[in-house]
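Before any comments, here is the structure.
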Amino acid sequence: MKYYPFNPENFRFIGTPIDGIQFEKDKVVFVEIKTHKSRLTPLQNHIKNLVKNKKVEWFEFKITK
Numbered sequence: 217m218k219y220y221p222f223n224p225e226n227f228r229f230i231g232t233p234i235d236g237i238q239f240e241k242d243k244v245v246f247v248e249i250k251t252h253k254s255r256l257t258p259l260q261n262h263i264k265n266l267v268k269n270k271k272v273e274w275f276e277f278k279i280t281k
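All residue numbers for the sequence shown refer to the working numbering, where the first residue is 217 and numbers rise by one.
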């Protein structure tokens, strides 16, 4: 990944529906790695639009005894 613009040590692989998440000091980046002519799936495009439209939230779920 010669031209990857981030520190790969801060990347966490998810696999599906996107490849992973990049954790930077000042931002969190959703990452999809494509080769040559491959394109985003409809679901990946939907996720991209949700992120661009700021439809991203933090949710903390606490488990109690």
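Cβ coordinates follow ideal geometry from the N, Cα and C atoms, glycine included.
Query: In this structure, how does DSSP classify residue 234 when only helix, strand and coil are distinguished?; Result: coil
Query: Where does residue 234 land, buried or exposed, given buried means 16+ other C-beta within 10 angstroms?; Result: buried
Query: Using 8 Å for Cβ pairs, my map puts residue 239 next to residue 228. What's the rounded Cβ distance?; Result: 7 Å
Query: Using only the alpha-carbon positions, how far apart do residue 252 and residue 218 sit?; Result: 15 Å
Query: Quick one: grab the DSSP three-state call for residue 247.; Result: strand
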